[in-house]
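Visitor:
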Amino acid sequence: MNGTEVYGRDGAHIGSIDHLMIDKQSGKVAYAVMGFGGFLGLGEEHHPIPWGKLSYDTSRNGFVTDITEPEITGAPARADNWYADRDWERRAHEHYGVPFYWA
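Just so you know, we're using the UniProt record's numbering here: the sequence shown kicks off at 1 and counts up by one.
1) Excluding the 5 residues preceding and the 5 following His46 in the sequence, name in chain order all residues of the same chain whose CB lies nearer than 8 angstroms to its CB.
2) Under the rule that 16 or more other beta-carbon atoms within 10 Å means buried, what is Ala79, buried or exposed?
3) From the DSSP output, in three-state form, read off Ile72 for me.
4) Between Tyr83 and the rest of its own chain, which residues show a CB-CB distance below 7 angstroms, the 5 nearest in sequence each way excluded?
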């Protein structure tokens, strides 16, 4: 999964999956932490994207999403322990317009 490419609906490459965050209680994938930008790993930014924003496309051997750069840059600010902050998770899921993974 790590390193799998992510494409926009228009087919443009927008990033790749760095790692997944899995909910301990349910075992469901909660987020794909994606790397955006950079060159050879330098200057790359990582952002957690709710799993519900990605769909696998076998023809591309990668994921497709409709997220936009303004959505990523406008996402709720996160602290170092964002993954343990349910309030942040609610705001992030609402921001991206996807159902909560814990519902």
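Ideal Cβ positions, reconstructed from N, Cα and C, are used throughout, including at glycine.
Guide: Taking the structure as given:
1) Asp18, Val33, Met34, Gly35, Phe36
2) exposed
3) helix
4) Met21
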